[in-house]
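Here is the structure we will look at.
There are 4 protein chains.
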Amino acid sequence: MIAGRERVRIGVVGLGRLGKRHAENLAYRVPGAALVAACSPLEDERAWARNTLPEPRLYHDYADLLADRDVDAVWLVTPSSLHAQQIVDALRAGKHVFCEKPLSLDLAECERVLAEAERYPHLRATIGFMRRFDPSYRDAFDKIADGRIGRPFLVRSQTADQNDTEGFFVRFAGTSGGIFLDCTVHDIDVARWLLGRPRATRVFAAGAIALHDGLREFGDVDNGVAICEFEGGKLAMFYASRTQAHGNDTHSEVIGTAGALAIGHNPRLNRVEIYDAGGVRNECTASFFDRFEDAFLFEARAFVADVQDGVARAGDGATLADALEATRIASAMRVSLETGEAVVLG
Amino acid sequence: MIAGRERVRIGVVGLGRLGKRHAENLAYRVPGAALVAACSPLEDERAWARNTLPEPRLYHDYADLLADRDVDAVWLVTPSSLHAQQIVDALRAGKHVFCEKPLSLDLAECERVLAEAERYPHLRATIGFMRRFDPSYRDAFDKIADGRIGRPFLVRSQTADQNDTEGFFVRFAGTSGGIFLDCTVHDIDVARWLLGRPRATRVFAAGAIALHDGLREFGDVDNGVAICEFEGGKLAMFYASRTQAHGNDTHSEVIGTAGALAIGHNPRLNRVEIYDAGGVRNECTASFFDRFEDAFLFEARAFVADVQDGVARAGDGATLADALEATRIASAMRVSLETGEAVVLG
Amino acid sequence: MIAGRERVRIGVVGLGRLGKRHAENLAYRVPGAALVAACSPLEDERAWARNTLPEPRLYHDYADLLADRDVDAVWLVTPSSLHAQQIVDALRAGKHVFCEKPLSLDLAECERVLAEAERYPHLRATIGFMRRFDPSYRDAFDKIADGRIGRPFLVRSQTADQNDTEGFFVRFAGTSGGIFLDCTVHDIDVARWLLGRPRATRVFAAGAIALHDGLREFGDVDNGVAICEFEGGKLAMFYASRTQAHGNDTHSEVIGTAGALAIGHNPRLNRVEIYDAGGVRNECTASFFDRFEDAFLFEARAFVADVQDGVARAGDGATLADALEATRIASAMRVSLETGEAVVLG
Amino acid sequence: MIAGRERVRIGVVGLGRLGKRHAENLAYRVPGAALVAACSPLEDERAWARNTLPEPRLYHDYADLLADRDVDAVWLVTPSSLHAQQIVDALRAGKHVFCEKPLSLDLAECERVLAEAERYPHLRATIGFMRRFDPSYRDAFDKIADGRIGRPFLVRSQTADQNDTEGFFVRFAGTSGGIFLDCTVHDIDVARWLLGRPRATRVFAAGAIALHDGLREFGDVDNGVAICEFEGGKLAMFYASRTQAHGNDTHSEVIGTAGALAIGHNPRLNRVEIYDAGGVRNECTASFFDRFEDAFLFEARAFVADVQDGVARAGDGATLADALEATRIASAMRVSLETGEAVVLG
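Protein chains in written order, with the numbering used here: chain A, 22 to 367; chain B, 22 to 367; chain C, 22 to 367; chain D, 22 to 367.
Structure follows, in structure tokens:
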């Protein structure tokens, strides 16, 4: 950073597990950021903020935070169903907005936010598809831009979580939007980002319930696969799983006309290899928290630096339009899963 | 092997590149086999046999080979379009049959062979899906049988060839059946074998032409992706490519309820790692010849041992029914690629 | 961190490449630290501090920094030959001390510092063997402590730098102490740390000049190997190189009676694998700066947290006694290299 | 092979576990070889030969085998202490000789064999350092010959066996010559082969007893390390272990002025990776039998082809002089282990 530049004053909204992570990053690890406010309806979350963060102003009401003139940007880590309206409100209050994914599970709502955001071109609004800020994904992106694999035409990408034997996500199935809207949106965004942001033209999806029968009543699955065709003859294949034994296994491949790149094929936890009676092994990242620890941090640094520099809109991050497209594609996958038929996108 | 057991007398038919490989294996590396005859319409192939093999009787006509009473089994490495009739003729002549894949690109013809083979239950007839004899695929199969990954429910498998800049396969596109019938049949067979031989219920396929525009007139692609749903909620995803930069990259994964297995993820040529200015790398297997060198050999040994032991039908190899199912599924993928719609299998 | 705890006020001394790294970490990435002062005799380094750091008090004279009452701790990133006296001076001035390795190349000087430090038991003094704070090395340490490999008895460890075609280290050879005192000290400290801090009893070393003939006049080599015997029948093997083609390749293995751990075997830069005509490869960390970026940060965080918590002496870091032992062993290796004989340590 | 070439008629001597492996290879997997005779003093071994091999003439006395005029070559898989005299006897009887390592544990005896062999320049005599025929070691050798790593100057190599809880090798310790003569000879031969067959000038060795205290009375260790200096400023580091948890882990590295090669770093059993609660792992080769299965076969093929082609002496295999040098170096390591001092070789 450059000493003396104006700090970006941020208010974090939502202090659940991920909100806390963001808050600590913004408070202590992002040069140029000042975490000046935090908002949560829950007293114990505000107590955590009081004890852990550097004297933030605490709000239990989002409207009060928006009224705080000494807040430049809001950082939304709230339930998905609130995102769209909270973004609109923030923009109307003159705040830059970072919002965790998804923009919304509802396409019309996504479009409404985009329309509103058009009116505030000087405000930054980005959706937290953090993989774009993971150093390895970023390296792959840069290598593609350098032409190192020729023309990229196919992405394979997966989001696979370690099996949660307590089935938390089953209880959450009614509001998550299902496996494609909840998990595969990340892969969709990665695919579009690495392939040059093409529009999708057709999808097909299928799924299986391996372990969690409780999903059946929600029309959801714990393992899903999908193919997406894009304009220009580009393709993507996706896999999402809630039932892995070995950990969070998020990886992607990009295949080009002159080579290919794989990102994160072995979800190794660190640089340690263990030699024992089972052979040679490495432990794996347990959750996306572990896998994308750096990405969450770099995402925050990029946002803050861009605001300081006056970089327009989303910078290297996902725009609202990217988020809308991810929702559009994932929604079509959900339809395909239900109908067993390919879905053509307009 | 056990000394003194009756040798299986074999006649190889077709002495192209792969036929030569089979012939040398049968002549010199398969205990219990006696390569006593070879058949080719081409004089230079017969000359090769004369110089290389241990005094085989040479035929230019398949019928003459079948009339040779001192041949117990025929080994067909002939053009795909001849397979079905040659198998039928061999069985009628009282010979065991090994035939390279595919059984036939035509479903009705597949069924005709199966019906005929019903009449010769004492004769072994198997189609050369050699991956089943690759030690790593076999190890995965055995581990699954041991319950090591719980219930397997998802296979991902790919056949990816190094780009042939001379485009041999483009000229071959009119008769190959297209990428799914030519390449993905192997992955289909692997998936069914590892998942317990389920029947397919629905497929969807898509494709792209990355480099070889000449395929367009044949309705073929040089990169294809597909999803296959099986009965019992099992799934498979496939990728086939003719355009890889790094070599032949054939690999598969099986995901179960309690773990997963990957076979051949890094298509390493051998155990050497090279440290140079580009980093740390390993070279890759150049072609399926290199990758499956052992599998071709073990496949031959298994066939011969089974014939000696009187093991019924295909032993560990693919039955004619397996081959029919692979053709049925790959044909549906071809239809899906053409129509853009999911294809339901009866 | 815990909000509200007293910040540790730090003065950094020396603003070369590594000093700048430390200064930026302390200024912006270490919760609980306040970088309040910086000292360098060079105007351009002070200018860098003025522009980059958050308003530190700037000194060109170390004595003036020590006289600054609002400095709690000094952070020495100065030439090796100054370390010993600067540590003593800092302790006498009542400051906690972090000092980059080595403590000193001279054993008697090391002992003098230890004797002096005995008089200030309330002050923290640690030498920057940063590998102890690398997450992978730390994970290995913890696994050993958990008994995961039984009793550890053998360490193999290497420090291998990418070849510097400009031969910077050749010009530096007169004062570096040679390859064992400059590079292998890190491995010696790792070995002792992982093996339970045993004393060495005998060493043997040998070396080769692969590329840099200019080292010959200094009695130094660009590739060195050594064996170290410790009390209790423990062993270590070391390799140090200045001439690698692929990057900085620092790795270690610990072998125990019930298993083994390898740390950093493939010096991969990140999680990207590249598939091209050369095969499958990963790029490597270019220098120890890249490899140990996190370790430098975690080392600083640990120091600051320990000072805040009043943790005695070096906490998880290397004590002055550890640093002395590393110098003692590496010096014996230098003698062994010169004489061709094993050197017994008292 | 070329059909019609004269077969090499071989008599195998010694039918223990390794002898059986060689015998089966020679009988069924080596084109150009005819296994016509087998010799063992043990009736059950001869019974095995009678049942398994293709009608060999069976001898219980080596002299009788040597008198068999229809034997062109003998294949010695006998106790080490018999090797030297058996080679001399074979040469005097006009037979080519393949002999398992070591030539002899006694240097004078090695020299006596070399002197005798000088008198039979038309007979092939080679010692079975099979790693030279492992495809990966061979690939590394070829790459070095192609100049791919510049000038090779350093080899690191290890022979590490899975711990034998029954301690077979402890009972064998009185006659094995100790860990360096029994295990490290392979690494010594590899190092010299990859470095251009230099002479050793100095060695230092050390060791530890990790698990098998019974070795102490033999002056032996279950883990040994050594450094070897060669003429021309070349170096080697060796590690030998009897106590690994994960399997047989034999690997080597060659470092050159322009790159490096590692052979077998991860002793993977095959191409399967297992994903389970422990992470991602691969199983390992259990013993040198598994690791070098191909090498034993290719070694036999090379011997037979060379005899057919009239290739002088050892071809690509180790000469008697190579075997003598390996014994000379390993013996010096044993002395170094006993004395704690470096040993200078004349």
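Each residue gets a CB set at the ideal place from its N, CA and C atoms; glycine is no exception.
Exposure of residue i, with buried meaning 16 or more beta-carbon neighbours within 10 Å
i      : result
A:G367 : exposed
C:S273 : buried
D:M22  : Reliability fails at D:M22, whose pLDDT of 46 lies under 50, so the model's placement of it is uncertain and the value that follows must be treated cautiously. D:M22 is buried by the Cβ-count criterion.
C:G240 : exposed
C:P173 : buried
D:E27  : exposed
B:P330 : Position check: residue 330 of chain B holds Asp in this sequence, whereas Pro was assumed. By the neighbour-count rule (16 or more Cβ atoms within 10 Å), B:D330 is not buried but exposed.
B:R177 : buried
B:N72  : exposed
A:D203 : buried
D:E359 : exposed
A:E121 : buried
A:A88  : exposed
C:W33  : Reading off the sequence shown, one finds Val at residue 33 of chain C, where the question assumed Trp. Buried.
First and last residue of the uninterrupted alpha helix (DSSP H) at residue i
i      : result
B:E64  : 64 to 73
D:V211 : 206 to 216
C:F189 : 189 to 192
Residue from the options with nearest C-alpha to residue i
i      : options                       : result
A:E346 : A:W214, A:D85, A:Y49          : A:W214
B:V262 : B:R90, B:A281, B:K164, B:H233 : Checking the displayed sequence, the identity of residue 262 of chain B turns out to be Ser instead of Val. Residue B:H233 is the option with its Cα nearest to B:S262.
C:H43  : C:H81, C:G149, C:N184, C:G198 : C:G149
C:C131 : C:L144, C:I108, C:R145, C:N72 : C:I108
B:E252 : B:G277, B:A226, B:R218        : B:R218
B:Q179 : B:V224, B:T271, B:I200        : B:T271
C:R90  : C:R355, C:T99, C:R67, C:V57   : C:V57
C:E1   : C:R349, C:Y83, C:C60          : Because chain C spans 22 through 367 in this model, residue 1 of chain C falls outside it and cannot be assessed.
C:K164 : A:R67, A:P156, A:G188, A:D297 : A:D297
D:L288 : D:R67, D:A181, D:A323         : It is worth fixing the name first, because residue 288 of chain D is Pro in this sequence and not Leu. Nearest of D:R67, D:A181, D:A323 to D:P288, Cα basis: D:A181.
C:R78  : C:H286, C:R223, C:T147, C:I31 : C:I31
C:L86  : C:H267, C:G37, C:P62, C:V332  : C:P62
A:L336 : A:F154, A:V98, A:V242, A:S102 : Before going further, note that residue 336 of chain A is Gly rather than Leu in the sequence given. That would be A:F154, whose Cα lies nearest to the Cα of A:G336.
A:F324 : A:A111, A:L47, A:G198, A:R159 : A:L47
A:T264 : A:T186, A:D160, A:G35         : A:T186
Residue i to residue j span [Cα, whole Å]
i      : j      : result
A:L175 : B:A279 : 30 Å
A:G195 : A:E64  : 27 Å
C:L318 : C:Y49  : 10 Å
A:I295 : D:D311 : 21 Å
D:R152 : B:L341 : 42 Å
D:P156 : D:E45  : 20 Å
C:L216 : C:D208 : 12 Å
C:E362 : C:F225 : 7 Å
Start and end residues, beta strand (DSSP E) containing residue i
i      : result
B:C305 : Counting along the chain, B:C305 falls outside any beta strand (DSSP E), and DSSP gives it neither H nor E.
C:D297 : 293 to 297
D:G280 : 280 to 284
Beta-carbon neighbours of residue i, restricted to chain E and to distances below 7 Å
i      : result
D:R302 : Considering every chain present, this structure includes no chain E. Its protein chains are A, B, C and D.
- Task: Count the C-beta pairs between the segment 124 to 144 of chain A and the segment 232 to 250 of chain A that are closer than 8 Å, then say yes if the count reaches three, no if not.
- Result: no
- Taking three-plus beta-carbon pairs below 8 Å as touching, is the segment 82 to 94 of chain B in contact with the segment 109 to 123 of chain B? yes
- Would you check if there are 3 or more beta carbon pairs closer than 8 Å linking the segment 298 to 313 of chain C to the segment 297 to 317 of chain B? yes
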